[in-house]
Each structure stands twice: as C-alpha cells, then as structure tokens.
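Notes follow once the structure below has been shown.
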Amino acid sequence: MEYVVVSKVSEIIVEARRKGRKFLLESEAKTICAEYGIPVTKFMVAKSPEEAVEHAEKIGYPIVLKIISPDVIHKFDVGGVMLNLKTPREVSEAYQKIVDNVKKHKPKAEIIGVLVQEMAPSATEVIVGAVKDPQFGQTIMFGLGGIFVEILKDVSFRIAPITIEEAEDMIKEIQAYPVLKGYRNMPPADIETLTKILVNTSKLVMDYPEIQELDLNPIMVYEKGAKTVDARIMLE
Ligand code: ADP
Ligand code: MG
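Whatever position you read off the sequence shown (first residue = 1), add 4 for my numbering.
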C-alpha cells in the first residue's frame with residue numbers, strides 16, 4: 005500500500021515511524037505545533053558551530069542552543085541546553101560544549117545537530133499536556149509551571165475534543181488562576197491566547213490519534229501572546 009502524505013504533520017509522523025522513533029525531536033514537535041497555530045519560539049537546525057552562528061544572526065540574540073538527538077529525551081540533564089548566549093563566540097563555544105557534554109553523558113547517542121532558538125523572555129510559565137487514555141481517549145491537561153504542577157498537582161483535565169468554553173473553564177478552575185490574572189507588578193497573562201492553545205492542542209490530538217502523549221512544558225505567557233519553549237510528542 006502506498007502512503008499518501010497529506011500534510012507536514014503526517015509527513016513528520018510517517019518519517020519518525022519509518023526510522024523507528026517513538027519520540028519526535030523538539031524541532032519536529034514544534035513544527036507540528038506551529039501548523040496548529042500553537043505559538044513556539046523561532047528555531048533553526050544547525051549541523052556545525054559556524055551554521056549555528058549564521059542562524060543566531062538571523063534569529064537575533066540572546067540565543068538558546070539545544071542538543072538534537074533521538075536518544076536524548078531530557079536535554080537539560082545531559083548538559084544539552086545552553087541559555088542566554090549573547091555573541092557569535094558564545095554560540096560557537098556552546099555548540100561544542102553541548103556536543104561534548106552529550107558525548108560524555110551518553111556516548112552512544114546519535115547527534116543530529118543543535119537546535120538554535122530565540123531565548124523567550126521569562127514570564128508566567130504554564131504547561132499544556134495531552135495523554136491518550138485507554139478508556140477516555142485523548143485528554144487535555146492544564147496547569148502552571150514548576151512547583152504548581154510538580155508538587156501541588158494543581159491541574160485541570162478535560163476529555164478532548166474541547167470547546168472554547170471548556171478551555172476557559174480549565175484555565176479558571178486551577179487554584180493558581182489568580183496568578184494568571186496578575187498580581188503586584190506581574191501583568192495579567194493573555195488568557196485568550198492560552199484558550200486558543202488549549203483548543204488547538206485538542207484539535208491536533210484528535211486529528212492524530214497516533215499521538216500518545218504531548219507535552220508543552222513550559223509555555224511562557226505574556227501580557228500579549230505566548231511562546232512554547234519546549235515541546236515533546238510521543239507516538240503510540
Ligand atoms: P528538557 O529537555 O530538559 O526539558 P528544555 O528544552 O525544557 O529541556 O530546556 C530546559 C529549560 O531551559 C526550560 O524548562 C526553560 O526554563 C529553559 N529554556 C529552554 N528553552 C528556552 C528558550 N528558548 N527560551 C527561554 N528559556 C528556555
Ligand atoms: Mg522541558
């Protein structure tokens with residue numbers, strides 16, 4: 005049987021499957037998110053320090069570099085993430101450092117290159133997730149980043165597909181909602197953009213039931229707009 009490639013998303017999924025990969029690369033996951041109107045950091049793939057610098061000049065400083073490897077799921081833990089690089093020299097040195105770190109921590113890891121991306125200014129961090137439940141099918145999760153999710157388990161869930169109203173309810177029902185509404189000198193977060201991200205995530209996992217898990221962690225939410233800083237997608 006011949007495969008008919010209908011979109012960039014299925015093209016990425018078919019290619020990953022062909023190579024026997026269950027986890028998509030961050031670049032692939034972010035491309036898929038962008039196709040569904042989920043805002044992500046600008047990014048470009050580099051295969052050498054020189055190329056990383058060329059990309060950095062196009063994207064604009066400060067820059068973040070990350071390892072691209074199908075064998076590295078938690079990039080930070082193996083020294084595979086370098087933040088806030090401000091000059092061509094820092095970018096070029098960080099490229100080498102990242103490759104060295106990964107070779108040291110995981111000698112057998114296949115290294116595809118390094119992902120060059122814009123450094124998203126820090127802001128309120130949220131997490132959007134999707135998990136395919138054997139009983140309920142695709143489910144959507146929402147919470148605030150860091151301790152809110154990890155320690156306080158302050159999250160909301162819905163079964164996909166979700167409507168705009170359901171997405172709004174998900175945002176309002178977490179304990180930490182007042183944080184999103186703004187406090188002291190923190191401006192309010194862009195709830196409308198967050199709502200769209202939730203609805204679009206729901207659309208994505210409904211369109212592609214082969215997505216077992218999706219993790220947008222963290223998403224920086226600004227007064228206007230938002231940026232997904234890390235995206236992970238796991239296939240069935
Ligand atoms: P990991 O694979 O370890 O989860 P991440 O891509 O999440 O790696 O990077 C680790 C942390 O670095 C993030 O949680 C975030 O705090 C920060 N970070 C990563 N990418 C960016 C970026 N483009 N802009 C700003 N901060 C970033
Ligand atoms: Mg992460």
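We treat Cβ as the ideally placed atom computed from N, Cα and C, and that holds for glycine.
Within the same chain, show all residues whose beta-carbon is closer than 7 Å to that of residue i, passing over the 5 residues directly before and after it, in chain order.
{"i": "Y40", "result": "N204, K207 and L208"}
{"i": "V183", "result": "T128 and L148"}
{"i": "S126", "result": "M224"}
Measure the CB-CB distance between residue i and residue j and report whether it falls below 8 Å.
{"i": "M123", "j": "P191", "result": "no"}
{"i": "K164", "j": "I215", "result": "As written in the sequence, residue 164 is Ala, which differs from the Lys given in the question. Going by C-beta atoms, A164 is not nearer than 8 Å to I215."}
{"i": "I16", "j": "E32", "result": "yes"}
{"i": "A50", "j": "V159", "result": "no"}
{"i": "L202", "j": "I166", "result": "yes"}
{"i": "T45", "j": "Q121", "result": "yes"}
{"i": "F27", "j": "R236", "result": "yes"}
{"i": "K231", "j": "P43", "result": "yes"}
{"i": "R21", "j": "L239", "result": "yes"}
{"i": "V132", "j": "F152", "result": "no"}
Ordered along the chain, which non-local residues of its own chain (more than five positions away) have a Cβ less than 8 Å from that of residue i?
{"i": "K62", "result": "M48"}
{"i": "V103", "result": "I71, I115 and V118"}
Given 7 Å as the limit, tell me if residue i has its C-beta closer than that to any heavy atom belonging to ligand 2.
{"i": "N88", "result": "no"}
{"i": "D234", "result": "yes"}
{"i": "N221", "result": "yes"}
Should residue i be listed as close to ligand 1, given that the test is whether its C-beta is under 7 Å from any heavy atom?
{"i": "M145", "result": "no"}
{"i": "D81", "result": "yes"}
{"i": "M123", "result": "yes"}
{"i": "T45", "result": "yes"}
{"i": "P4", "result": "In this structure the chain extends from 5 to 240, so residue 4 is not present and cannot be described."}
{"i": "H78", "result": "yes"}
{"i": "P53", "result": "no"}
{"i": "K62", "result": "no"}
{"i": "K26", "result": "no"}
Tell me whether residue i counts as near ligand 4, meaning its Cβ is closer than 7 Å to at least one heavy atom of that ligand.
{"i": "V130", "result": "You won't find ligand 4 in this model; what it holds is ligand 1 and ligand 2."}
Leaving out five residues before and five after residue i in sequence, what residues of the same chain have Cβ atoms less than 6 Å from its Cβ?
{"i": "G83", "result": "N105"}
{"i": "V279", "result": "Residue 279 is absent from the structure shown; the chain starts at 5 and stops at 240."}
For a cutoff of 8 Å on Cβ pairs, would you count residue i as touching chain D?
{"i": "S73", "result": "Here there is only one protein chain, and chain D is not present."}
Which ranges does the alpha helix (DSSP H) cover as unbroken runs of at least 4 residues, wholly within the stretch 104 to 184, from first to last along the chain? 151 to 154, 168 to 177 and 181 to 184
4-residue-minimum alpha helix (DSSP H) runs that sit fully inside the stretch 6 to 86, ordered along the chain: 12 to 22, 30 to 39 and 53 to 63
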